[in-house]
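The opening residue of the sequence shown carries number 236 in the numbering used here; numbering runs sequentially from there. Backbone N, C-alpha and C fix where the C-beta goes; we use that ideal spot for every residue, glycine too.
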Amino acid sequence: MSERGKGGKGGGASSKPGSRALTVAPGITRSSAAEYLTFVAAAGQGGVEALYADENVWLTQKMMGQLYDVNVRTVSEHLKKIFSDRELAEDSVIRKFRITASDGKTYDTQHYNLSAIIAVGYKVNSERAVQFRKWASAIVESFTIKGFAMDDERLKNDGTVFTKQYFEEQLQRVREIRLSERKFYQKITDIYATAIDYDRQAQSTQRFFATVQNKLHWAIHGQTAAEVIHSRADARKDRMGLTSWKDAPEGKIQKFDVVVAKNYLTESEMAQLQRLVSAYLDVAEDMALRNIPMTMQDWETRLNRFIVATDREVLQDAGKVTAEIARAHAESEFEKYRVVQDRLYQSDFDRLVQGAGGTAAQRWVEEGEEEQEPGDAA
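Laid out in structure tokens, this is it:
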């Protein structure tokens with residue numbers, strides 16, 4: 236197996252440090268990050284698995300300690316102060332959930348809702364808490380849930396986080412992405428942009444956007460986009476090795492055609508790619524139908540797991556050929572091929588003249604040439 240691509244369990248994203256799997260009551264949706272407070276996952280840190288019920292997010296004191304990187308005692312002290320100051324009403328933010336602990340026994344465990352989680356985030360003094368406060372401030376200024384629940388809309392919705400309408404909107408967005416004419420890898424990035432914590436400027440977003448096209452190419456034929464261009468662009472081959480181009484099948488190949496990796500794929504490879512993307516969109520639609528909110532980290536992890544589940548390899552690096560080298564090679568080969576193409580190319584006009592067999596069309600050409608003055612020839 237290639238060192239750059241790994242299948243099986245090793246190919247997917249590993250579970251995040253500090254994450255704890257919880258067995259929750261039926262009907263409670265689970266996500267791999269603290270649904271709403273995903274600034275930690277977005278920063279590449281360890282996540283916390285949260286409970287989602289009654290359109291709210293719930294964490295224990297221990298989970299909050301993990302989230303903000305402080306001990307349970309610190310969380311407890313801040314909660315006591317929050318309640319004593321009447322910042323929050325204790326009975327309105329606490330709920331008990333029955334969970335199964337690591338010893339296999341079931342316990343009724345006290346959880347705190349989003350209001351309490353946020354309040355603690357503004358009290359504790361840790362690097363993660365500072366990250367949270369920056370993140371929360373940006374959210375307040377811009378949006379809470381990308382593409383749907385702006386702050387004013389949330390107020391109209393009684394302040395709920397994940398309403399039924401949210402998931403209906405998500406489902407519509409997924410189906411619209413499926414029907415769009417966007418490129419295959421752009422559809423995957425469009426799905427990623429539906430994440431509840433989507434931030435186009437986050438490092439994790441830039442990394443995902445930079446690698447998703449190569450991950451899909453690698454899964455299908457074992458090369459990155461740059462590698463397939465570099466290895467298949469050849470002026471000596473018929474049509475320079477391209478299987479498709481903008482003006483195909485009879486139009487000229489242009490320079491912009493030769494730097495698109497998809498244009499070199501075989502019919503079989505394209506069919507596999509389309510099926511892979513379509514199946515991934517099925518997964519996205521299923522998540523929306525099951526009312527499961529997805530974070531940026533969730534979508535990235537799901538893509539890796541999905542590739543592995545189809546018995547394909549996950550790309551582990553940026554590839555051996557850079558985009559710049561691939562482009563330079565393809566354009567150099569195109570300049571060689573351009574001479575051959577110009578000699579062999581037949582335009583619609585050429586075909587018209589040839590098909591006329593030297594009759595009316597040919598006479599029209601000859602008459603036009605005769606009418607030119609000696610100094611008019613181009």
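Selected residue, minimal CA-CA separation from residue i, among the options
i	options	result
ALA553	THR440, LEU538 and GLU462	GLU462
SER567	GLN489, MET529 and GLN507	GLN489
ALA354	GLU362, ASP338 and PHE318	PHE318
ILE334	TYR515, ASP326, HIS346 and TYR427	HIS346
ALA563	PRO528, SER466 and LEU550	SER466
GLU520	TYR580, ALA561 and LYS422	LYS422
ASN539	GLU416, SER503 and VAL447	VAL447
PHE332	GLN301, LYS340, GLN400 and LEU286	LEU286
GLN507	ALA468, SER350 and ILE542	ILE542
LYS316	GLN301, TYR499, LYS555 and VAL359	VAL359
LEU323	ALA336, VAL305 and SER350	SER350
ALA468	TYR499, ASP434, SER361 and ARG321	TYR499
Cβ neighbour criterion (16 or more within 10 Å) applied to residue i
i	result
ARG308	exposed
ASP546	exposed
ARG537	buried
GLU363	For clarity, residue 363 is Arg in the given sequence; the question names Glu instead. When all chains shown are included, ARG363 counts as buried.
GLN436	exposed
ALA430	buried
ARG442	exposed
VAL365	exposed
LYS450	buried
VAL574	exposed
MET299	buried
SER327	exposed
ASP338	exposed
SER439	buried
ALA565	buried
GLU411	exposed
LEU477	buried
Residue i in three-state terms, based on DSSP
i	result
TRP480	coil
TYR357	coil
LYS487	coil
LEU550	strand
PHE383	Low confidence applies here, because PHE383 scores a pLDDT of 40, under 50, leaving its location unreliable and the question unanswered by this model.
LYS331	strand
VAL518	helix
GLN626	Within the shown structure, residues of the chain are numbered from 236 to 613, placing residue 626 beyond reach of any answer.
ASN306	coil
LEU294	strand
VAL543	helix
LEU500	coil
ASN526	coil
TYR580	coil
LEU286	strand
ALA269	Model confidence at ALA269 stands at a pLDDT of 36, short of 50, so the residue's coordinates are unreliable; what they give is reported in the following sentence. ALA269: coil per DSSP, three-state reduction.
GLN345	strand
VAL493	helix
Own chain partners of residue i with C-beta closer than 7 Å, once the 5 adjacent residues on each side are dropped
i	result
SER311	GLN296
HIS452	GLN458, THR459, ALA460, VAL463 and ALA496
PHE402	ALA523 and ASN526
ARG474	ILE488
THR557	ALA461
Residues near residue i by beta carbon distance below 6 Å, same chain, minus five either side
i	result
ALA470	GLU568, LYS571 and TYR572
LEU550	GLY240, ASN449, LYS450 and TRP453
8 Å Cβ shell around residue i - same chain, five flanking residues per side excluded
i	result
ARG417	ASP425
Worksheet item: Counting Cβ pairs, one atom from each stretch, are 3 or more of them under 8 Å apart for the region 448-458 and the region 521-533?
Response: Under the 8 Å Cβ criterion, the region 448-458 does not count as touching the region 521-533, having fewer than three qualifying pairs.
Worksheet item: Any contact of the region 485-501 with the region 399-415, i.e. 3+ C-beta pairs under 8 Å?
Response: No: the two stretches stay apart, fewer than three of their Cβ pairs being nearer than 8 Å.
Discussion item. Can you confirm whether the region 512-526 touches the region 474-486 when touching is taken to mean that 3 or more C-beta pairs between the two stretches lie within less than 8 Å?
Written reply: Per the Cβ contact rule, the region 474-486 is not in contact with the region 512-526 (fewer than 3 Cβ pairs under 8 Å).
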